[in-house]
Amino acid sequence: MDPVVVLVFMLTCLVLLSFWRQSSERRNLPPGPTPLPLIGNFLQIDVKNISQSLTKFSKVYGPVFTLYLGMKPTVVLHGYEAVKEALIDHGEMFAGRGSFPMAERLNKGLGIIFSNGSRWKETRCFTVMTLRNLGMGKRSIEDRVQEEAQCLVEELRKTNGSPCDPTFILGCAPCNVICSIIFQNRFDYKDKYFLDFLKKLNENFRILSSPWLQVCNNFPSLIDYCPGSHHTITKNVRYIRSYISEKIKEHQVSLDVANPRDFIDYYLIKLKQSIHNQQSELSLENLTITVSDLFAAGTETTSTMLRYALLLLLKHPHVTAKVQEEIDQVVGRDRSPSMQDRSHMPYTDDTVHEVQRVIKLVPTNMPHAVTNDIKFRDYYIPKGTMVITSLTSVLLDSKEFPNPEVFDPGHFLDKDGNFKKSDYFVPFSIGKRMCAGEGLAHMELFLFLTTILQNFKLKSLVQPKDIDTTPALNGFGSLPPPYKLCFIPV
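Residue numbers (the numbering used here): 205 to 694.
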């Protein structure tokens with residue numbers, strides 16, 4: 205038989221099989237656009253702004269709908285009510301981690317972010333407990349952040365008011381806080397190994413947020429067989445984990461079980477205690493990947509929000525002036541800002557929240573998966589189905605936040621000018637998979653920003669009206685465009 209005929213026949217069968225599978229799967233799933241064989245709804249999604257595409261679909265199919273990313277169905281939850289109902293009311297059922305092919309190849313189901321089942325529960329439980337032991341939510345961790353804020357200020361002074369790109373300076377501060385928790389020690393901002401480590405974290409976050417990575421995650425075979433920036437992620441991850449592994453070896457040599465110094469020590473002690481427990485998911489490899497997860501989640505998220513915050517403050521100098529006036533009134537110039545000050549600084553607190561709301565750092569959240577078959581709003585969702593929760597749709601809810609697309613430090617103030625909380629403030633997600641370091645991130649943002657504004661005036665190189673705050677990348681993360689500014693000492 206002619207090979208061409210055989211090939212055409214096989215491809216036809218494959219397409220028909222794909223179409224049949226999609227048709228049978230769709231019967232009880234939420235409604236959604238009709239997928240094409242093999243590629244699903246990919247051509248209907250803007251990989252440069254996925255959350256915008258989800259909003260358009262929700263206007264047609266409602267707050268719960270199905271998309272096919274490649275050949276697999278994905279249920280999308282849009283709006284506060286649907287997201288809350290899934291992640292809070294049915295939290296255990298929606299606590300699985302959905303498919304993220306790039307991470308699956310690198311993490312092998314280990315760590316705290318991309319693990320599942322008992323491994324995730326044990327790793328997360330240990331991590332949260334250990335972070336508390338190391339001062340998370342206590343005065344001791346605040347002392348570390350305040351100390352790092354002063355180091356950041358001293359580094360900014362060295363710019364002598366000249367134009368500078370703040371990317372790496374702002375990245376050093378939150379990374380050093382994580383270093384002090386994980387390794388016990390912080391690093392000098394000029395340390396070559398520290399800067400290389402930071403550069404690779406930053407580069408990975410940018411690549412993960414690129415349109416190409418969204419394509420790769422929809423069609424995983426591209427990761428294995430095509431050239432592209434995803435190979436840079438692999439190389440960077442190997443470097444980061446090699447560095448972490450060396451630190452772990454140093455800790456194994458100097459470990460004092462009676463006096464744990466940092467996260468690695470606590471993990472090594474727990475590992476010794478669990479050596480005869482065959483059910484334990486703890487291992488040296490899991491420790492390495494968990495630590496790399498903590499760096500990835502605790503460095504680039506905060507540094508990106510700090511960069512975006514300064515850009516928005518340059519764009520809105522009247523907001524900056526009001527924040528600095530409040531800092532002068534409450535804190536003054538003779539001491540460092542503290543978390544106790546926050547309750548007396550409603551406008552500043554409001555501004556910090558508004559920055560996080562309007563930039564929508566992780567627009568579509570990390571993918572979830574249902575852990576068992578579930579009937580959700582009259583729809584049947586089979587076990588293992590991937591679920592995307594649009595955090596953007598909650599953060600930009602027009603009923604909760606009038607003019608939601610506008611940066612308006614008034615969205616979190618009541619009529620008397622007091623700070624007001626909102627259930628719709630979900631930049632770090634909600635439920636069982638919400639970010640374990642949310643409290644630390646809020647603390648860092650408040651203390652780093654107020655300490656910077658206490659010591660410097662921000663000077664833009666262009667007129668405020670000419671500043672573009674449109675994200676440079678808007679995939680996995682929402683990243684600000686590159687810019688320069690001057691830090692003028694006051």
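Even for Gly, the Cβ is constructed at its ideal location relative to N, Cα and C.
Predicted model, so just to flag it, every value in this text is computed and none were measured.
Using the Cβ count rule (16 or more neighbours within 10 Å means buried), how would you classify Arg390? buried
Going by alpha carbons, who is nearest to Cys420 out of Leu273, Pro237, Pro631? Leu273
Where Phe680 falls, given that 16 or more other Cβ within 10 Å makes a residue buried: buried
Measuring CA to CA, which of Pro567, Leu657, Tyr265 is closest to Val152? Since the first residue shown for the chain is 205 and the last is 694, residue 152 is missing from the structure and cannot be characterised.
In the structure shown, what three-state DSSP assignment does Pro668 receive? helix
Tell me the DSSP bridge mates of Arg465? Answer is none; Arg465 lacks a bridge partner.
With distances taken between CB atoms, is the gap from Thr655 to Leu374 smaller than 9 Å? no
Whole angstroms are fine: how far does the CA of Pro685 sit from the CA of Thr593? 25 Å
Taking contact to mean 3 or more Cβ pairs, one atom from each stretch, closer than 8 Å, check whether the stretch 520-536 and the stretch 548-558 are in contact. yes
Residues that Cys368 bridges to, as DSSP identifies them: Leu689
Nearest-angstrom Cβ-Cβ length linking Tyr284 and Tyr583, presumed shorter than 8 Å: Actually they are not in contact, since the Cβ atoms of Tyr284 and Tyr583 sit about 19 Å apart, beyond 8 Å.
Would Asn481 be called buried (16 or more neighbouring beta carbons within 10 Å of its own) or exposed? exposed
For Pro550, which option in Gly621, Lys688, Leu565, Tyr512 has the closest C-alpha, if you only look at C-alpha atoms? Gly621
Chain-order list of residues whose beta-carbon lies under 7 Å from that of Ile448 (same chain, five-residue window excluded): Thr492, Val495, Ser496
Using the C-alpha atoms, what's the distance from Gly432 back to Lys439? 12 Å
Buried or exposed: which applies to Gly641, given that a residue is buried once 16 or more other Cβ atoms fall within 10 Å of its Cβ? buried
Neighbourhood of Asp545 by C-beta distance below 6 Å, restricted to the same chain and skipping five residues each side: Val534, Val535
Could you check the C-alpha separation between Met306 and Gly365 for me, to the nearest Å? 41 Å
Would you please state the rounded distance, in angstroms, between the beta carbons of Glu489 and Leu314? I believe it to be under 8 Å. 6 Å
Quick one: Cα of Ser255 to Cα of Glu346, how far? 35 Å
Could you compute how far the alpha carbon of Phe691 sits from the alpha carbon of Leu402? 22 Å
Note down the Cα distance separating Ala290 from Thr363, rounded to an integer number of angstroms. 48 Å
Do Ala513 and Leu653 have their C-beta atoms within less than 9 Å of each other? yes
Is it buried or exposed, Gln354, if we count other Cβ atoms within 10 angstroms and call 16 or more buried? exposed
So which of Thr436, Pro378, Leu281 has the shortest CA-CA distance to Leu651? Pro378
Where does Ser227 sit, in a helix, a strand or coil, going by DSSP? Caution is warranted here: a pLDDT of 49 is assigned to Ser227, below 50, making its placement in the model unreliable, and no coordinate value can be reported.
In angstroms with no decimal places, state the Cα-to-Cα distance between Asn678 and Phe304. 17 Å
Short of 8 Å in beta carbon distance, which residues of its chain neighbour Phe372, apart from the five on each side in sequence? Order them along the chain. Leu399, Leu402, Lys403, Asn406
Which word fits Met333, buried or exposed, when buried means at least 16 other C-beta atoms lie within 10 angstroms of its C-beta? exposed
Can you tell me the Cα-Cα spacing of Val287 and Pro277, whole angstroms? 18 Å
Using C-beta distances below 6 Å, list every residue in its chain close to Gln226, excluding the 5 sequence neighbours before and after it, in chain order. Only weak support is given to the placement of Gln226: the predicted model assigns it a pLDDT of 47, under 50, and the value that follows is read from those uncertain coordinates. Correct list, in chain order: Pro239.
Can you tell me where the alpha helix (DSSP H) with Lys396 in it begins and where it stops? 396-412
Going by C-alpha distance, which of Lys619, Phe611, Val381, His646 is nearest Asp672? Phe611
Per DSSP, which one or two residues make a beta bridge with Asn678? Ser682
Measure the C-alpha to C-alpha separation of Ser547 and Glu504 and round it to an integer number of angstroms. 27 Å
Under the rule that 16 or more other beta-carbon atoms within 10 Å means buried, what is Lys564, buried or exposed? buried
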